[in-house]
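K.L.:
In my numbering, the protein residues as written are 127 to 382.
By construction, the Cβ of each residue, glycine as well, lies at the ideal position given by its N, Cα and C atoms.
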Amino acid sequence: MDPLSVQASVAGIATAGAALANTLFRLVRTVRHAPREIQSVAIEMSSLASTLEHLHDVLATGASCAKPSFLQGVEAVVANITSTQDEISTMISNETIFERLRWMKAAGILSDIEKHRVTVTLQTSILSAAILVKSTTTHSSAHERPENRFRIQAESLIQAGQVSLEHDNRYTRIPRQRAPSPPFRTTKRLPSPVRRSEIPGHVWPEDLFDRSGAPTTGARNPSSPEERRRSSRKSVSDTEREETDYADARDSKTNA
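This is how it looks when you write it as structure tokens:
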């Protein structure tokens, strides 16, 4: 069976189904009180036409993958769809469109259209799978020879490396290096960035007291309250005496 003739049959039945669906939709819009079954049949017929178009595309792509038995099955489905389309065309003729009794068997027509669509979908899936398997096999065979060549080269390089290592009698002395010392803790205290002795006004205790703890002659620290009061009174008396001497000296200069 010629695949091209089968493709032409599928394309023709798909075009006829689409035209029949358009006619049914137009009747639903123009005829008042048209049976509801007409719209349902139009929807199913439009879906079947789309499925047939898909089968036609797959046949055009993978005609070489289609076996004669597969093509015979497609021809049988096309004949059944043609019979259903002829029956629908008879039901929508001008003389019988208003005879609702004829549309009582619309449920059977819808069932037939559904069966046709399922069959066409299955045939499309089978042919698509055959095309995929063939393309994968061809791709694998095309890359099999380069992959074998690369594998042989890799094995040759590995064997050459092994032979080189086996025949290499040279002894390379490994240099001895001193192991790094482990870290250890020390009690040495590092100097502070800023020493207190460098701060203005700071005096070390050793500068005020000798080793025995007695205060030095350069500085005296009053300890009792009585000594602190005497020291404060002495400071006040010295200040008053200095102010008096300054006033006398100023008066002497003025009189002179």
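Can you tell me whether residue 258 is buried or exposed, with buried defined as 16 or more other CB within 10 angstroms of its CB?
P.N.:
On the sequence shown, position 132 is the one that residue 258 refers to. Counting Cβ neighbours within 10 Å, residue 258 comes out exposed, since fewer than 16 surround it.
K.L.:
With residue 183 as the anchor, note down where its alpha helix (DSSP H) starts and where it stops.
P.N.:
Counting from 1 along the sequence shown, the entry for residue 183 is found at position 57. 162–187 is the span of the alpha helix (DSSP H), which, as asked, contains residue 183.
K.L.:
With distance defined between alpha-carbon atoms, name the residue in 165, 201, 193, 169 nearest to residue 245.
P.N.:
The residue given as residue 245 occupies position 119 in the sequence shown. The option with the nearest alpha carbon to residue 245 is 201.
K.L.:
Does DSSP classify residue 243 as helix, strand or coil?
P.N.:
Against the sequence shown, residue 243 aligns to sequence position 117. In this structure, residue 243 counts as helix in the three-state DSSP scheme.
K.L.:
Helix, strand or coil for residue 219? Go by DSSP, reduced to three states.
P.N.:
Numbered from its first residue, the sequence shown carries residue 219 at position 93. Residue 219 falls in the coil class under three-state DSSP.
K.L.:
Apply the 10 Å Cβ neighbour rule to residue 175 and answer buried if 16 or more other Cβ atoms are within range, or exposed otherwise.
P.N.:
Position 49 of the sequence shown, counted from the first residue, corresponds to residue 175. Looking at its Cβ environment, which holds 16 or more other Cβ atoms inside 10 Å, residue 175 is buried.
K.L.:
Less than 8 Å between the beta carbons of residue 249 and residue 181, yes or no?
P.N.:
For this step, residue 249 is matched to residue 123 along the sequence shown. For this step, residue 181 is matched to residue 55 along the sequence shown. Going by C-beta atoms, residue 249 is nearer than 8 Å to residue 181.
K.L.:
Cutting at 7 Å between CB atoms, please list the residues of its own chain near residue 160, excluding the five before and the five after it.
P.N.:
On the sequence shown, residue 160 is found 34 positions in, with the first residue counted as 1. Cβ within range, chain order: 153, 154.
K.L.:
If you draw a straight line from the alpha carbon of residue 215 to that of residue 158, how long is it in whole angstroms?
P.N.:
In the sequence shown, residue 215 corresponds to position 89, counting from 1. In the sequence shown, residue 158 corresponds to position 32, counting from 1. Roughly 19 Å separates the two Cα atoms.
K.L.:
Using alpha carbons as the reference points, say which of 135, 168, 238 lies closest to residue 183.
P.N.:
Position 57 of the sequence shown, counted from the start, is the residue given in the question as residue 183. Minimum Cα distance to residue 183 is reached at 135.
K.L.:
Along the chain, where does the alpha helix (DSSP H) that runs through residue 154 open and close?
P.N.:
Position 28 of the sequence shown, counting from 1, holds the residue named residue 154. That run of the alpha helix (DSSP H) goes 129–156.
K.L.:
Judging by CA-CA distance, which residue of 165, 171, 253 is the nearest neighbour of residue 242?
P.N.:
The count along the sequence shown starts at 1 and reaches residue 242 at position 116. Cα-wise, what sits closest to residue 242 is 171.
K.L.:
For residue 420, does the three-state DSSP call read helix, strand or coil?
P.N.:
Limits of the chain in this structure are 127 at one end and 382 at the other, which puts residue 420 out of reach.
K.L.:
Give me, in chain order, the residues of the same chain whose beta-carbon lies closer than 6 Å to that of residue 207; leave out the 5 immediate sequence neighbours on both sides.
P.N.:
As a working note, residue 207 is residue 81 in the sequence shown. Within the same chain, residue 207 has close Cβ partners 139, 242.
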